[in-house]
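In what follows, a structure is listed as structure tokens, so that the remarks can point back to it.
Protein chains: 2
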Amino acid sequence: MSEDKRQTSRRKTSAGSAELDLPEATVARLPEYLRALHALAEIGRDTVSSEDLAAAAGINAAKLRKDLSQLGSYGTRGVGYDVELLTSQISTVLGLTENRAVALVGIGNLGHALAGYAGFSPRGFRIAALFDIDEGRLGETIGGLLVRHVSEIADVVVTEGISIAMLTTPPHAAQPVADMLVEAGVTSILNFAPCVLSVPEGVDVRKVDLAIELQILSFHEHRKATARTATPESASPKTASVNPPPPSPATAPGIAFSDQAENA
Amino acid sequence: MSEDKRQTSRRKTSAGSAELDLPEATVARLPEYLRALHALAEIGRDTVSSEDLAAAAGINAAKLRKDLSQLGSYGTRGVGYDVELLTSQISTVLGLTENRAVALVGIGNLGHALAGYAGFSPRGFRIAALFDIDEGRLGETIGGLLVRHVSEIADVVVTEGISIAMLTTPPHAAQPVADMLVEAGVTSILNFAPCVLSVPEGVDVRKVDLAIELQILSFHEHRKATARTATPESASPKTASVNPPPPSPATAPGIAFSDQAENA
DNA sequence: AGGCGCTTGTGAACGCGTGCACAAATCGGG
DNA sequence: CCCGATTTGTGCACGCGTTCACAAGCGCCT
Chain A
16 MSEDKRQTSR RKTSAGSAEL DLPEATVARL PEYLRALHAL AEIGRDTVSS EDLAAAAGIN
76 AAKLRKDLSQ LGSYGTRGVG YDVELLTSQI STVLGLTENR AVALVGIGNL GHALAGYAGF
136 SPRGFRIAAL FDIDEGRLGE TIGGLLVRHV SEIADVVVTE GISIAMLTTP PHAAQPVADM
196 LVEAGVTSIL NFAPCVLSVP EGVDVRKVDL AIELQILSFH EHRKATARTA TPESASPKTA
256 SVNPPPPSPA TAPGIAFSDQ AENA
Chain B
16 MSEDKRQTSR RKTSAGSAEL DLPEATVARL PEYLRALHAL AEIGRDTVSS EDLAAAAGIN
76 AAKLRKDLSQ LGSYGTRGVG YDVELLTSQI STVLGLTENR AVALVGIGNL GHALAGYAGF
136 SPRGFRIAAL FDIDEGRLGE TIGGLLVRHV SEIADVVVTE GISIAMLTTP PHAAQPVADM
196 LVEAGVTSIL NFAPCVLSVP EGVDVRKVDL AIELQILSFH EHRKATARTA TPESASPKTA
256 SVNPPPPSPA TAPGIAFSDQ AENA
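Here the protein sequences come in this chain order: A and B.
Residues in the first sequence are numbered from 16 upward in steps of one, following our numbering.
Residues in the second sequence are numbered from 16 upward in steps of one, following our numbering.
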């Protein structure tokens with residue numbers, strides 16, 4: 016994400032906790048593998064081939080094997096991967112062994128929804144504090160959690176041991192709030208505000224901008240539309256795209272896709 | 016996103032609407048440029064250098080120039096880019112000249128928030144229909160919009176001319192709903208459910224998984240933490256990362272970063 | 001009119017990520 | 001004990017994306 020390229024160039028510290036620097040692309044896929052593994056465990060699978068796991072994660076099998084090998088993973092040739100072991104391995108690498116406390120700043124429309132979202136806790140996170148600047152929201156409790164004033168960030172972040180924060184304020188408030196969070200000791204921010212954040216080195220920022228996602232889709236829509244009018248004879252060949260045949264599992268072998276929805 | 020690599024390999028159709036196939040990475044950045052341009056226009060700038068615009072978008076200047084050049088853009092050497100012209104260009108390429116109608120399926124915690132989110136309409140989108148399967152929500156209106164039953168998807172998508180849908184259902188419901196949407200003619204889906212969707216060729220799916228974003232941040236937290244304990248002498252050199260110096264703009268030249276928060 | 005400074009646009013090198021294809025390894029059966 | 005079926009782990013090549021550095025172009029000032 017950030018421009019930080021330099022690594023400590025450490026590989027595997029002698030013994031204790033294996034320390035390794037994975038390619039960013041691999042890191043971004045590990046959570047998806049983890050989710051797929053949970054789904055597989057829930058339907059009773061105890062081992063998986065790379066082919067099956069890749070299908071469940073929506074990813075190329077070779078890519079998955081390379082990812083897991085870089086992780087120093089313990090698969091068994093001729094058999095596959097042990098679901099439980101691999102789950103544990105990835106969880107450890109991602110630092111999910113402890114439930115991480117997360118702060119949420121900006122209890123507006125979106126913040127309210129995230130505060131009540133049940134999908135975080137089974138995946139390693141616990142929303143430990145809510146903050147807003149609006150006096151009108153301060154008394155409110157959401158899911159048994161009190162909405163505090165942003166001026167309490169410094170105290171609460173320390174006492175709750177928070178290192179990750181989600182930012183759902185209006186864009187004009189995002190930078191000052193980010194400064195407060197960093198000052199308090201937060202070193203990772205998930206930014207939902209449509210603006211660029213400036214943070215000191217050592218702090219990671221990931222951005223989620225829903226309008227941007229839609230605009231990217233819009234581009235492809237635009238391209239598809241103009242391609243359709245430009246070459247109208249291509250409306251029949253094979254990719255009609257509108258009213259396709261029964262949307263059956265036309266994707267991959269292995270796991271039946273109706274099963275994969277079985278996760279929380 | 017999907018595995019669809021083959022392009023129509025079309026470049027610039029003779030006259031009318033310029034047709035060009037941009038690299039995916041460029042497409043993903045164009046919306047960010049657009050947002051930065053809006054912010055610049057709001058503070059009165061009518062021309063921008065690639066350096067300034069890149070800073071406002073949080074991106075490398077050379078990358079920005081290459082992106083815009085691929086777009087066939089009209090900058091002026093020695094001066095920069097005309098803000099209004101460039102805004103219009105990018106908007107056209109992204110297909111944002113018309114306000115696109117978007118469907119939202121799954122009016123739960125998150126869906127409710129998105130339905131009320133004010134940030135879509137100024138960026139080219141209009142939420143035109145809400146759907147849910149839960150009887151309890153059917154009567155409800157959000158922002159003057161009625162929550163309909165999913166069985167009405169087929170009708171409403173056609174009459175409203177919807178081609179993009181956002182999916183905020185629980186994961187087990189995502190695939191069947193996606194099938195219904197595709198069947199109705201939707202060709203782009205923004206999926207918030209933590210599961211893999213199987214769609215026919217010609218349909219684009221983008222996934223937004225908030226827990227995954229947190230898990231990626233968690234990895235970096237884990238790495239930073241172990242690096243700190245492994246080499247405790249590095250706690251002083253320069254990147255203390257906790258309680259850093261006054262979080263001043265320690266990032267880049269060009270635009271003062273205190274200005275960039277001024278966008279809507 | 002001419003020169004100078006500034007900024008764009010792009011050619012070229014580099015590095016990362018992806019995908020193929022195969023050797024190595026493991027299990028089960030005969 | 002050996003053999004074949006199966007699946008992992010990886011060396012290698014290719015392509016995309018990023019970055020640098022510079023030539024080309026534009027405006028302004030003298």
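The beta carbon of each residue, even a glycine, is placed where N, CA and C say it ideally should be.
Unbroken alpha helix (DSSP H) run spanning residue i, endpoints
i: residue 233 of chain B; result: 225-245
i: residue 89 of chain B; result: First-last for residue 89 of chain B: undefined, no H or E at that position.
i: residue 124 of chain A; result: 124-130
i: residue 147 of chain B; result: No alpha helix (DSSP H) contains residue 147 of chain B, which is instead part of the beta strand (DSSP E) from 140-147.
i: residue 168 of chain A; result: 168-175
i: residue 50 of chain A; result: 39-57
Classification of residue i by the beta-carbon crowding that lies within 10 angstroms, buried from 16 upward
i: residue 232 of chain B; result: buried
i: residue 258 of chain A; result: With a pLDDT of only 37 at residue 258 of chain A, under the threshold of 50, the placement of this residue in the model should not be trusted; the figure read from the coordinates follows. It counts as exposed.
i: residue 54 of chain A; result: buried
i: residue 250 of chain A; result: Confidence at residue 250 of chain A is low in this model, with a pLDDT of 45, below 50, so the placement of that residue should be treated as unreliable; the coordinate-derived value is given next. Exposed is the call here.
i: residue 121 of chain A; result: buried
i: residue 209 of chain A; result: buried
i: residue 176 of chain B; result: exposed
i: residue 133 of chain A; result: exposed
i: residue 253 of chain A; result: With a pLDDT of only 39 at residue 253 of chain A, under the threshold of 50, the placement of this residue in the model should not be trusted; the figure read from the coordinates follows. That one is exposed.
i: residue 114 of chain A; result: exposed
i: residue 164 of chain B; result: exposed
i: residue 244 of chain A; result: exposed
i: residue 35 of chain A; result: exposed
i: residue 92 of chain B; result: exposed
i: residue 219 of chain A; result: buried
i: residue 173 of chain A; result: exposed
i: residue 67 of chain A; result: buried
i: residue 168 of chain A; result: buried
i: residue 154 of chain A; result: exposed
i: residue 170 of chain A; result: exposed
i: residue 59 of chain A; result: exposed
i: residue 238 of chain B; result: buried
i: residue 50 of chain B; result: buried
Check whether residue i and residue j have beta carbons under 8 Å apart
i: residue 201 of chain B; j: residue 118 of chain B; result: yes
i: residue 62 of chain A; j: residue 108 of chain A; result: no
i: residue 190 of chain A; j: residue 46 of chain B; result: no
i: residue 104 of chain B; j: residue 79 of chain B; result: no
i: residue 52 of chain B; j: residue 83 of chain B; result: no
i: residue 236 of chain A; j: residue 178 of chain B; result: yes
i: residue 76 of chain A; j: residue 88 of chain A; result: no
i: residue 151 of chain A; j: residue 130 of chain A; result: no
i: residue 182 of chain A; j: residue 161 of chain A; result: no
i: residue 226 of chain B; j: residue 135 of chain A; result: yes
i: residue 128 of chain B; j: residue 125 of chain A; result: yes
i: residue 207 of chain B; j: residue 223 of chain B; result: yes
i: residue 221 of chain B; j: residue 228 of chain A; result: yes
i: residue 204 of chain B; j: residue 211 of chain B; result: no
i: residue 116 of chain A; j: residue 141 of chain A; result: yes
i: residue 99 of chain B; j: residue 56 of chain B; result: yes
Sheet register partners of residue i (DSSP bridge)
i: residue 162 of chain A; result: A:145
i: residue 222 of chain B; result: B:206
i: residue 117 of chain A; result: A:142 and A:179
i: residue 197 of chain A; result: DSSP lists no partner for residue 197 of chain A.
i: residue 62 of chain A; result: A:97
i: residue 105 of chain B; result: Partner(s): none; residue 105 of chain B has no beta bridge.
i: residue 156 of chain A; result: A:161
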